[in-house]
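Peer 1: These protein sequence lines map, in sequence, to chains A and B.
The numbers in the first sequence follow our numbering, run straight up by one, and end at 185.
The numbers in the second sequence follow our numbering, run straight up by one, and end at 1391.
Idealized CB from N, CA, C, for every residue including glycine.
It should be emphasised that the depicted structure is a prediction, and the values quoted were computed from it without experimental measurement.
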Amino acid sequence: VDRDVFERIVLAHQAGIYRYLRYLGASESVAEDVLQDTFIVLMRNPTAHTMEPNVRLAAWLRGVARNKFLTHCRRQKRRKPLEDGTLMNKAELVWRREFLRQSDGFDYMDALRRCVDALPEKQRLAIEMRYDRRESRSGMARLLGMTENGVKSLLRRVRAALGDCVRRRIASEEGAE
Amino acid sequence: MMDELRDRMLDTLLRELVGGDTPPDLSRRIMAQAFPSILRRMRLPLAAAAALILALAFWPGNREAPVDPGSILASRGSTIVTDAEPVQFTLGGYCYLDMAPHSELDIGGRELKEEVFLKRGRVTCRVDSGVGAFTVRTAAGEVRVKGTHFSVVVSDEPFEAGGVMMFRKKMFVKVFAGVVLVAGASGQFFIVSADDKVAETVGDEAGVAQAILADATPAAMKQFEGTLTGKVVAVSTGKAAFEPVAVLLKVEGVKQTVDENNDAFIIVPQKLIIGKTLALQLPVIVLNREELKGGADEMPKIMERVKAAVERQKQIKFDAKLAKQALANGKSVEVIIRGVEVEVALPPAAADDSGTPDADGPAGNNGKVADTTAKPATKKVIRLEIVRLTILESRKEEGHPSGDRQSEAP
């Protein structure tokens, strides 16, 4: 395997696979280990790294990463929310259709960034507290004068609104093109 | 279910976009595993040969026989004993070990997580950064690094208990370059190399406390000046809602320099792990000459003050606006901390007290009416101040001073 080709593949795909593993529920350290194992599998499959286009290779790497993560979960005997193989396949579907959309997800992230900036004050504050300042739900409830369940619902609603906003933005941009 | 998955997807992306949970660059680690050096590629056959040699060398009956001096091949599961000559060997292609004469260690660990257990003697280690982890364990604790140059000595220290002479293991660590994390029975702490000074400490069951005692030797009397570099990863809020007043730094570098001074000003960065984030704690104590002269006899008192300092000083405090800015941009910051001598007025009740200054500075006057006609009594104390917090751009040398704020004073 050509070292330069392999390194280019690692640099191009490592962030996407790491992000995907975190989405599946892997902790930071598990995601790092599984990511490393995934590329070693690629290394041992000389035909895989010649795959074109990149989208196909990315899908192949996600498949390997998913199986490696499933194996890890089973070995740890810890139930993960998505450890069931069927659920993971559904998760892959959502990831591919909603986030990647035949790309590397860059346009989705870009649209999401703009949607967060455009959130109404209270919703933006909730997002900032949760993700930026890493407040716990109970901490947020105290600061916002809500119940913990109220905070949970609020965050879900804001995320749903962000999802809609991103879809609209991407659709309008595609329409403009 | 699909809605739940969409929600989960957005949660993941927001953690990255807003919370800075960005994917790490593991390319060096992956490349090191995928394309090992020639030596590493040859490791299996070499390890088999080495195992055979070592098996013969340590066959029952002559297990204690020393290996030949010079460079040797070493493999996991083997024990290495040196006689009158030192021995050098490499583990995993990135850990270079130099065993002193009359030392003994076991080799363990696994790929990219190399590990040795030092039973006696000294081992000096140099570890390439960015490849893998390396740990030296001893009966008294362990030293974990990812790229640095240090030595570990384990020795038996005699002590008397109930009229019986006993021995306990003691671990000495010297750091020549970089930072190491030492874990003892009662805590973890960093040892930092400081310019051409060799940081030295002692760690056994006393852990953190002994590190502070070692720093507090008369030779180490100092006025502290230190620099931390790292990323602001979280902000905690103050009394005013949503106003950030304290930050947690992801520490990427620590540098500490010392000068001779009458009082010892001691700052011990400790770590508190939240996920993979290092949250920094900076317990600070001030010791005067009398305490230092007292040496080991003062240990219990010093210990008490260290414990109190750890309780009080959970985090360093930064300028709120800058902290928020650094956090929002995911930029690295550099913090210059200095011990500064300041004159403080003493309350009348304490004016005659020439004893040790309290780590918190003077207390209030406890409701007593001060004599306003007399010249107020003052005392010089050293306070810890953040003299500069700089938000770094892409590289450290490109940083620009952005402001300052006094930290929680010791």
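Listing by chain order, which chain B residues have their CB less than 9 angstroms from the CB of W103 of chain A?
Peer 2: L986 and M990
Peer 1: Determine the chain B residues that contact G71 of chain A at a beta-carbon separation under 7 angstroms, and present them in chain order.
Peer 2: Simply none; closest approach about 17 angstroms.
Peer 1: In whole angstroms, what is the alpha-carbon distance linking A1304 of chain B and G1001 of chain B?
Peer 2: Annotation note: pLDDT 49 at A1304 of chain B (below 50); position unreliable, no value reported.
Peer 1: Could you list which residues in chain A have their beta carbon closer than 9 angstroms to that of L998 of chain B, in chain order?
Peer 2: Within 9 angstroms Cβ-Cβ: M117, L120, R121, V124 and Y139.
Peer 1: Mind listing the chain A neighbours of F1016 of chain B? Cutoff is C-beta to C-beta under 8 angstroms, in chain order.
Peer 2: R11 and F14
Peer 1: Measure the alpha-carbon distance for I178 of chain A versus E997 of chain B and round it to whole angstroms.
Peer 2: 20 angstroms
Peer 1: At a Cβ threshold of 8 angstroms, is E40 of chain A touching chain B?
Peer 2: yes
Peer 1: Report yes if the C-beta distance between L1086 of chain B and K1100 of chain B is below 8 angstroms; otherwise report no.
Peer 2: yes
Peer 1: Which residue from B:S1132, B:T1060, B:P1082 and B:P1004 puts its Cα closest to that of C1076 of chain B?
Peer 2: B:S1132
Peer 1: For T155 of chain A, does the count of other Cβ atoms within 10 angstroms reach 16, so buried, or fall short, so exposed?
Peer 2: Exposed is the call here.
Peer 1: List, in chain order, every chain A residue whose beta-carbon is nearer than 8 angstroms to that of T993 of chain B.
Peer 2: R27, R30 and Y31
Peer 1: Would you list, in chain order, the members of the segment 74-85 of chain A that have their beta-carbon closer than 8 angstroms to a beta-carbon of chain B?
Peer 2: none
Peer 1: Beta-carbon of I178 of chain A versus every beta-carbon of chain B: anything under 8 angstroms?
Peer 2: no
Peer 1: Tell me whether the beta-carbon of F14 of chain A lies closer than 8 angstroms to the beta-carbon of A1013 of chain B.
Peer 2: no
Peer 1: With DSSP as the reference, please indicate the residues paired to C1076 of chain B in a beta bridge.
Peer 2: B:L1072 and B:V1108
Peer 1: Which residues bound the beta strand (DSSP E) around V1117 of chain B?
Peer 2: V1117 of chain B -> beta strand (DSSP E) spans A1114 to T1119.
Peer 1: Return helix, strand or coil for L1099 of chain B, following the three-state DSSP convention.
Peer 2: Collapsing the DSSP output to three states places L1099 of chain B in a strand.
Peer 1: In the structure shown, what three-state DSSP assignment does V952 of chain B receive?
Peer 2: Given that chain B is displayed from residue 982 to residue 1391, the structure contains no residue 952 of chain B and the question cannot be resolved.
Peer 1: State yes or no: is the beta carbon of F107 of chain A nearer than 8 angstroms to at least one beta carbon in chain B?
Peer 2: yes
Peer 1: Could you give the residue range of the beta strand (DSSP E) that holds E1085 of chain B?
Peer 2: E1085 to R1091 is the extent of the beta strand (DSSP E) around E1085 of chain B.
Peer 1: Can you give the Cα-Cα distance for L133 of chain A and L163 of chain A, rounded to whole angstroms?
Peer 2: Whole-angstrom Cα-Cα distance: 11 angstroms.
Peer 1: Specify the secondary structure class of V1403 of chain B as computed by DSSP and reduced to three states.
Peer 2: A query on residue 1403 of chain B cannot be resolved here, the shown segment of chain B reaching from 982 to 1391 and no further.
Peer 1: Assign S1059 of chain B to one of three DSSP states: helix, strand, or coil.
Peer 2: coil
Peer 1: Could you confirm whether any beta carbon from chain B is found closer than 8 angstroms to the beta carbon of F114 of chain A?
Peer 2: no
Peer 1: Which residues mark the beginning and the end of the alpha helix (DSSP H) in which A1081 of chain B is found?
Peer 2: Unbroken run through A1081 of chain B: none, as it is neither H nor E.
Peer 1: Whole angstroms are fine: how far does the CA of R167 of chain A sit from the CA of R150 of chain A?
Peer 2: 21 angstroms
Peer 1: Note down, in chain order, every chain A residue with its Cβ under 8 angstroms from the Cβ of L1086 of chain B.
Peer 2: Per Cβ cutoff of 8 angstroms: no residues; L1086 of chain B is ~27 angstroms from chain A at best.
Peer 1: Give a yes or no on whether 8 angstroms exceeds the smallest Cβ distance from L1072 of chain B to chain A.
Peer 2: no
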